[in-house]
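Student: Taken in order, the sequence shown gives residues 88 to 378; the numbers are from the numbering used here.
Using N, Cα and C, we set each Cβ at its ideal position, and we do this for glycine too.
Sharing a structure with you now.
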Amino acid sequence: MSPISSRFQRLEPLSIGQRISIALAALRFFSPLNYEENCVKLGMEAGKKSTRPFSGMDFVRFLSVPGVLPESILTDPNRHYQRIDELLRSLDRSGFLSYQGCGQSPFLGSIYYTFREMTEKEKSGALFLGRALGPSFLHWAYKNGTYQITGATENGDRHAGTAIAIAPRWLMTCAHVVNDMQVDLDQNSNGKEFKIIKQIPHHSVDVAIIEVDRDLQVVQGLNFKDPSIGERVYTFGYPRIPLSREASLVMQGGEVSVEEIRSFKMESFFSFLPLHAPEIVAGQLFRKMAM
């Protein structure tokens with residue numbers, strides 16, 4: 088038998104779906120509000136007058152309790168110690184968990200609480216986990232709800248912009264996307280065909296909404312805030328890529344360089360500095376914290 092097949096611990100990276108489910112379970116498990124309920128699930132005696140923080144090893148035992156995770160997500164948590172420990176440390180670094188010291192176990196022995204409260208918008212999805220799960224999670228979360236909008240300028244040049252589904256039949260894009268070109272009424276993007284019903288650009292802010300004729304997949308948990316200097320942001324868009332046969336969703340990282348700029352038309356916008364390949368930057372801007 089090969090060393091790989093005989094190893095008990097599974098070292099392949101956790102999938103996006105596994106990381107989301109485990110992270111959400113961790114926020115429930117390490118909350119003091121759920122202390123007594125979790126003690127029952129673990130077969131432990133709860134303190135009568137106080138709570139105590141649980142360890143990472145306690146959390147793995149919790150994940151093994153039937154019903155905590157769907158069986159299809161993680162069949163045997165005990166074989167994923169290393170990856171679960173990495174995820175808990177990431178949740179700690181990003182402020183979701185509060186490190187309370189080290190318990191008796193040499194592995195997964197760190198003990199935690201979580202005191203984080205979420206807004207109603209955050210509760211509607213998992214985007215708030217962006218700061219812990221990283222860019223690959225953001226790409227996964229946004230890709231199915233981001234669409235290319237095509238059209239033509241007055242000169243007949245073909246152009247395209249990017250929109251994101253904020254409701255089943257409503258897309259949000261930049262006002263210049265609908266103002267600077269004649270938008271095609273028939274669109275085909277992200278595996279979906281749909282028709283443009285209405286275009287509503289804002290009169291002073293570079294934002295517009297588009298009504299379409301069918302339900303599209305929505306990005307759940309979207310929230311908005313003002314930019315801050317040095318903040319890490321990402322663009323999602325469909326820039327032209329030389330020699331490519333079809334439009335591809337491109338994700339590009341950068342940092343906020345100016346919080347507010349006024350144009351000659353008195354439009355307000357902010358500036359960001361891309362980290363690489365500025366010539367292909369285009370599309371919707373999102374924060375690492377997932378807005």
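1) Taking just the CA atoms, how far does A133 sit from E320?
2) What residues are listed by DSSP as bridge partners for I297?
3) For L360, which three-state DSSP category applies?
4) The beta strand (DSSP E) spanning G341 covers which residue range?
5) DSSP three-state label for I103, please.
6) Could you work out which residue in S197, G154, I160 and L336 is closest to G232 when comparing CA atoms only?
7) What does the Cβ neighbour count give for T206, buried or exposed, with the cut at 16 atoms within 10 Å?
8) Could you check what DSSP says for R245 in three-state terms: helix, strand or coil?
9) Where does the unbroken alpha helix (DSSP H) through I171 begin, and where does it stop?
10) What number of angstroms, rounded off, separates the C-alpha of F254 from the C-alpha of A112?
11) Roughly how many angstroms lie between the CA atoms of D267 and A334, to the nearest whole one?
12) Is the stretch 225 to 241 close to the stretch 174 to 194, with three or more CB pairs under 8 Å?
Tutor: Taking the coordinates as given:
1) Note that residue 320 is Val in the sequence shown here, rather than Glu. Each residue's Cα considered, the two are about 43 Å apart.
2) L258 and Q286
3) strand
4) V337 to R349
5) helix
6) L336
7) exposed
8) strand
9) Y168 to R180
10) For the record, residue 254 in the displayed sequence is Ala; it is not Phe. When rounded, the distance between both Cα atoms is 27 Å.
11) 20 Å
12) no
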